[in-house]
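Let me begin by presenting the structure, written as structure tokens, before commenting on it.
Number of protein chains: 2
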Amino acid sequence: MSKMYNVAILGATGAVGQQMIDTLDRLEFPISELKLLSSSRSAGKKIMFKGQELTVEEAKPESFEGVDLALFSAGGSISKELAPEAVERGATVVDNTSAFRMDKDIPLVVPEVNADALKEHNGIIANPNCSTIQMVAAMEPVRKAFGLKRVIVSTYQAVSGAGNAAVDEMYEQSQQIMNDEPINPQILPVGGDKKHYQIAFNAVPQIDKFQDNGYTFEEMKMINETKKIMSDDSIQVAATCVRLPVETGHSESVYVEVEKDGLDVAGFKKLMEEAPGVTLQDDPSNQIYPLATDAKGKDDVFVGRIRQDLDHPKGFHFWVVADNLLKGAALNSVQIAQSLVEQNLLKK
Amino acid sequence: MSKMYNVAILGATGAVGQQMIDTLDRLEFPISELKLLSSSRSAGKKIMFKGQELTVEEAKPESFEGVDLALFSAGGSISKELAPEAVERGATVVDNTSAFRMDKDIPLVVPEVNADALKEHNGIIANPNCSTIQMVAAMEPVRKAFGLKRVIVSTYQAVSGAGNAAVDEMYEQSQQIMNDEPINPQILPVGGDKKHYQIAFNAVPQIDKFQDNGYTFEEMKMINETKKIMSDDSIQVAATCVRLPVETGHSESVYVEVEKDGLDVAGFKKLMEEAPGVTLQDDPSNQIYPLATDAKGKDDVFVGRIRQDLDHPKGFHFWVVADNLLKGAALNSVQIAQSLVEQNLLKK
Chain P
1 MSKMYNVAIL GATGAVGQQM IDTLDRLEFP ISELKLLSSS RSAGKKIMFK GQELTVEEAK
61 PESFEGVDLA LFSAGGSISK ELAPEAVERG ATVVDNTSAF RMDKDIPLVV PEVNADALKE
121 HNGIIANPNC STIQMVAAME PVRKAFGLKR VIVSTYQAVS GAGNAAVDEM YEQSQQIMND
181 EPINPQILPV GGDKKHYQIA FNAVPQIDKF QDNGYTFEEM KMINETKKIM SDDSIQVAAT
241 CVRLPVETGH SESVYVEVEK DGLDVAGFKK LMEEAPGVTL QDDPSNQIYP LATDAKGKDD
301 VFVGRIRQDL DHPKGFHFWV VADNLLKGAA LNSVQIAQSL VEQNLLKK
Chain Z
1 MSKMYNVAIL GATGAVGQQM IDTLDRLEFP ISELKLLSSS RSAGKKIMFK GQELTVEEAK
61 PESFEGVDLA LFSAGGSISK ELAPEAVERG ATVVDNTSAF RMDKDIPLVV PEVNADALKE
121 HNGIIANPNC STIQMVAAME PVRKAFGLKR VIVSTYQAVS GAGNAAVDEM YEQSQQIMND
181 EPINPQILPV GGDKKHYQIA FNAVPQIDKF QDNGYTFEEM KMINETKKIM SDDSIQVAAT
241 CVRLPVETGH SESVYVEVEK DGLDVAGFKK LMEEAPGVTL QDDPSNQIYP LATDAKGKDD
301 VFVGRIRQDL DHPKGFHFWV VADNLLKGAA LNSVQIAQSL VEQNLLKK
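In the order they appear, the protein sequences are chains P and Z.
Heads up: the first sequence begins at 1 in full-length UniProt numbering, then just goes up one per residue.
Heads up: the second sequence begins at 1 in full-length UniProt numbering, then just goes up one per residue.
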């Protein structure tokens, strides 16, 4: 290993931030110094990294002096404020919020799909939305070989995507319901929205706030980000995003229609077997298919239940599951950082 | 009220049977005598009906002597064996299993959609699959006014559809997981299949066994039954069926493509408002949409999240929720019985 880098994690105490720390360690990212940053509220907390106790510091513009790579996951408004400051001080920022994702000058990257887009970066790279990443990772080999005309996805999303407090709410509520005690939803489906609903033993068709067109922001993220990552605005994408009482592991029921003839289920499976970062789990006769509980803690995107549409020979249905904190967030961010290093694209 | 009927319920101690007893009472079905039947295992149990204690009897061919109307919900093989016996003895059978649903000579009925089909019955009427009923009830007004070309549905199904023991398994497992105790799945996803998986805090893409084509029987039920109920084999239907840790209340993410021009979201909502047995719950700005926990114990089918597809002007997405034990099973069976009475179609 040649060069080592000074790395900062902003949002280090959050659900994703914790996974970023673990993932940097696990993937042996060449770190000379790790700086953990957060809001003032979480500053002062102690976190272990490679046998060393690190103290979380409050993030300020000056925090990024001397930082080569900064992984951001502390909310969109904080990214908007501090990412330019970090870039100005020489850092390259991989941002896991929605702040810059649709910005024309900022690459939105899933390394298996569009690592080349990193070449165009101006200091900030956006990490896509969790539910988008796993879907495009699975679809890319199909798109490459047969073209992609249309996508219709319905999601089954885990509560850890809404943060640690949402996970606590789900378990606390589950216990209260089983004890026949009253519940008091405070966070889900959307922390910042007006009303809160029971998530335990329920399925809530709202993730993020509603737009004027009746779609939620989460649904629009899947629609817009897919087109941007695949560099093709003509792909027709529709999404319905639903929150479930699952701790970690987003599942998705996806319908794709390809452009070219010649794809069948066997061919689709072969593409999945050969795809980087994808594991095929598809053997109905032995009840083998991806499950959120199996995907938790794993790096790959798991694909199964591949079926040809009964009326449309170019239409296929499949089920894709991934750990939303890993491939959906922390892992993809670290993989972007690795690709920046490999391509020699870090600002310094 | 003029005529009164001798009614039998087969499967009286099951999740659906219990709802049948309640629903007959609540809807004031004109009963002169109610006979509760079950397997030998459950015979002898006592159940209250209109202040009277009834003893559950073991179902035998002779049990149906003098019975006018028999509601069956005790499994397909029992229906196949006993429904012809009941018919031979003069009863009209409403069967809530999959035994006869695709039989050409047996009507498959959701009264709001095809009550007329009851006229063709020869003693047995099939009650459709729970996940099909709520979807066709919501789609029928759209089909009638604008035609229906294509349907793609992903389901979010409750465990009570798999019976009372599955509900117990879900709660017991949830508690074990929260206590950090080992779990031992025995029933879900499919009681009669080889492997059993964790349902608590998970999403399992298997309901009923797999067919050779990679679809589950549940998925093929939705596909085939929709065409039969709507009397149109040309409607293209695709389904992905998923079991969730929800006690009661199936949710569905549905995409429909209509034949004719001129439908918009406002028009779709108006159709839902005017549809029999349907309640519109659709106000994104106030976070109003159907939820399984709200639908439980209610008779109606709840529809919301209606959106026009962003690429296909004739394509619409919506979210439909209903109590799978009521409209999905017991209520629809009793409504079929009511329609038989109204149309004077009971065998006697």
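The beta carbon of each residue, even a glycine, is placed where N, CA and C say it ideally should be.
Look at Z/G14 here: in three-state DSSP terms it is coil, with no helix or strand label. Under DSSP, Z/L54 forms a beta bridge with Z/I47. For the pair P/P182 and P/Q176, the CB atoms are nearer than the 8 Å cut-off. Setting aside the 5 residues that flank it on each side, P/A43 is surrounded in the same chain by V56, E57, E58, each with a C-beta closer than 7 Å to its C-beta; the list follows chain order. In the DSSP assignment, Z/R307 falls within the beta strand (DSSP E) that extends over 301-308. With respect to the C-alpha of Z/F64, the residue from Z/K45, Z/P84, Z/Q343, Z/M48 having the closest C-alpha is Z/P84.
In summary, no residue of the segment 93-111 of chain P has a CB separated from any CB of chain Z by less than 7 Å.
Judged by their CB atoms, P/Q19 and P/L325 are nearer to each other than the 8 Å cut-off. Residue-level contact by beta carbon holds for P/V246 and chain Z, with a gap shorter than 8 Å.
Counting C-beta pairs with one atom in each stretch, the segment 331-347 of chain P and the segment 19-31 of chain P have three or more that are closer than 8 Å, which means they touch. In its chain, beyond the 5 residues on either side, V321 have a beta carbon closer than 7 Å to the beta carbon of P/L291. The contact set of P/H317 on chain Z, defined by CB atoms closer than 7 Å, consists of A238, T240 in chain order. Contact annotation: the segment 230-242 of chain P touches the segment 147-155 of chain P, with at least three C-beta pairs closer than 8 Å. In chain order, R307 make up the part of chain P whose C-beta sits under 7 Å from the C-beta of Z/Y215. Taking 8 Å as the cut-off, the Cβ atoms of P/L69 and P/L346 count as close. Going by beta carbons, P/G17 and P/G163 fall outside the 8 Å limit.
Put simply, of P/Q186, P/E81, P/K327 the residue whose alpha carbon is nearest the alpha carbon of P/K298 is P/K327. Interface with chain P (8 Å Cβ-Cβ cutoff): Z/L263 is excluded.
In the structure shown, P/L108 adopts extended strand secondary structure according to DSSP, grouped into three states.
Taking 7 Å as the upper bound on Cβ-Cβ separation, chain Z lies near residues S154, Y156, Y171 of the segment 153-173 of chain P. Of the residues Z/P205, Z/A165, Z/N179, Z/E218, the one whose Cα lies closest to the Cα of Z/I187 is Z/A165. When 7 Å is used as the limit between beta carbons, Z/I124 is near no residue of chain P, the shortest such separation being about 28 Å.
Leaving aside the five residues that flank P/I306 on each side, the residues in its chain whose CB is nearer than 7 Å to its CB run, in chain order, V265, F268, K269, D282, F316, F318. Flagged as an interface residue toward chain Z: P/M178, by a C-beta distance shorter than 8 Å. A distance below 8 Å separates the beta carbons of Z/A137 and Z/V278.
With contact defined as three or more Cβ pairs closer than 8 Å, the segment 142-149 of chain P and the segment 249-264 of chain P are in contact.
Contact annotation for Z/Q338 against chain P: no contact, minimum CB-CB distance about 31 Å [criterion: below 9 Å]. When secondary structure is reduced to three states using DSSP, P/R143 falls in the helix class.
Taken in chain order, the members of the segment 184-209 of chain P whose beta-carbon sits within less than 7 Å of a beta-carbon on chain Z are D193, K194, K195, Y197, Q198, F201, N202, A203, V204, P205, Q206. In this model, Z/I78 and Z/V7 are separated by some 18 Å (Cα to Cα). Beta-bridge pairing by DSSP links P/V237 to P/V151. Not one beta carbon of chain Z lies nearer than 8 Å to the beta carbon of P/Y5. Beta-bridge pairing by DSSP links Z/N6 to Z/E33. Residue burial is scored here from C-beta neighbours: P/K296 has at least 16 other C-beta atoms within 10 angstroms and is therefore classed as buried.
A straight-line Cα-Cα distance of about 29 Å links Z/T216 and P/T226. Scanning Z/P141, Z/L118, Z/V110, Z/H121 for the CA closest to the CA of Z/S131 turns up Z/V110.
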